Amino acid sequence: SGCTNPDEKLNKTLSRIKHKIVVMSGKGGVGKSTVAANIAVALSLAGKKVGLLDVDVHGPSVPRLLSLKGKQPHMGDQVMEPVPWSKNLSVMSLGFMLPDDRQAVIWRGPVKMGLIKQFVEDVMWGDLDYLIVDCPPGTGDEPLSTLQTLGPTAIGVIVTTPQGVAIDDVRRSVSFVGEVGNRVLGIVENMSGFACPNCGTVHDIFKSGGGEELAKEAGVRFLGRIPLDPEVATSGDEGYPFMKVHRETVTGKAFEQVIEPM
Ligand code: ADP
20 SGCTNPDEKL
30 NKTLSRIKHK
40 IVVMSGKGGV
50 GKSTVAANIA
60 VALSLAGKKV
70 GLLDVDVHGP
80 SVPRLLSLKG
90 KQPHMGDQVM
100 EPVPWSKNLS
110 VMSLGFMLPD
120 DRQAVIWRGP
130 VKMGLIKQFV
140 EDVMWGDLDY
150 LIVDCPPGTG
160 DEPLSTLQTL
170 GPTAIGVIVT
180 TPQGVAIDDV
190 RRSVSFVGEV
200 GNRVLGIVEN
210 MSGFACPNCG
220 TVHDIFKSGG
230 GEELAKEAGV
240 RFLGRIPLDP
250 EVATSGDEGY
260 PFMKVHRETV
270 TGKAFEQVIE
280 PM
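In structure tokens:
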């Protein structure tokens, strides 16, 4: 009937998801999608039921990262089935809806907001331990809509690089999440030092440790640093998640450290 609560469907979907983790960043290119995809894979490999939702309207990259390009979610009557990546991990991305990934995504604000909500409530996620959300960068309307759709129990994970300019963005992200009424689980410092494929150790390039200092200052947890690793970039380009094959390396252990508090 016309009298049903418009949020009833959304609330029902959300009530079946134990933890909602929103992976955010102050700006693009810091590795947010890479981190989101790899924590989703790492949690699924640890036996958890995981959904990965890519609502990065500016460049949905999850289909490429997980070799799911060209897949189409099954459409039912006002519902969509997420695309399975494995028994434990199902994926939904705006990228599945775009006919051609070279096509620029130009949607008006209200359309984007509606899409984000639809991607949570109209997708048959089922019972999940974790929903990992790859959120658009920044502190604008899209991340706001993402947090509001998921509700106050959604927890932010903020990805940054160690340079000073990125750190200012993180400060903004942390206060943004607080203002919306959500909690930040912690900060991940990505591209922190260089994981040398020859000697297996991490060499510092930029002054690292910015994320850790900032976490302390902002009163949030420092989840760990992930080094720049040529294999992480290759795995993303070729569409196999790094965590599926490299759990024993320095970088793989860094991803494991990030998911520990989850
Ligand atoms: P964002 O989602 O923040 O825009 P991406 O996850 O798309 O960033 O990453 C940007 C680029 O950096 C990609 O080419 C990705 O493969 C690469 N990248 C991300 N993290 C690392 C890392 N730790 N080591 C090497 N390359 C990385």
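Residue 20 is where the sequence shown starts when you use full-length UniProt numbering, and the numbers rise one by one after that. For each residue, glycine too, the CB sits at the ideal point set by N, CA and C. Remember, predicted model here, so these are calculated numbers, not experimental data.
query	result
So what's residue 14 in DSSP terms, helix, strand or just coil?	The chain is shown only over 20 to 281; residue 14 falls outside these bounds and no answer can be derived.
What's the C-alpha gap between THR165 and LEU64?	26 angstroms
Name, in chain order, the residues that DSSP records as bridge partners for THR179.	GLU208
Answer with buried or exposed for PRO246, where buried requires no fewer than 16 other C-beta atoms within 10 angstroms of its C-beta.	buried
To the nearest angstrom, how far is the alpha carbon of GLY243 from that of ASP96?	43 angstroms
Just the residues with CB closer than 6 angstroms to a heavy atom of ligand 1, in chain order, which are they?	SER44, GLY47, GLY48, VAL49, GLY50, LYS51, SER52, THR53, SER80, ASN209, MET210, ILE245, LEU247, ASP248, VAL251, ALA252, GLY255
Rank THR270, ILE278, TYR259, LYS28 by C-alpha distance to the C-alpha of MET143 and give the top, closest one.	LYS28
Alpha carbon to alpha carbon, what distance is there between VAL193 and LEU71?	22 angstroms
CA-CA distance, ALA185 and THR179?	6 angstroms
Does DSSP put ARG266 in a helix, in a strand, or in coil?	coil
Take the Cβ of SER20 as the centre, count every other Cβ of all protein chains shown within 10 Å, and call the residue buried at 16 or more, exposed below.	Below a pLDDT of 50, predicted positions are generally treated as unreliable, and SER20, at 46, falls in that range; no measurement from the model is reported.
Is there at least one Cβ from chain C nearer than 7 angstroms to GLY133's Cβ?	Of the chains in the structure shown, none is chain C; there is only one protein chain.
So, helix, strand or coil for ALA55, using DSSP?	helix
Look up PRO103 in the DSSP assignment and say whether it is helix, strand or coil.	strand
Quick one: grab the DSSP three-state call for PHE195.	helix
Check for me: the beta strand (DSSP E) holding ILE224 runs from which residue to which?	No beta strand (DSSP E) contains ILE224, which DSSP labels as neither H nor E.
ARG83 lies in the alpha helix (DSSP H); which residues open and close that run?	81 to 84
Please name the residue, chosen from GLN276, VAL269, PRO181, that lies closest to GLU231 on a Cα-to-Cα basis.	PRO181
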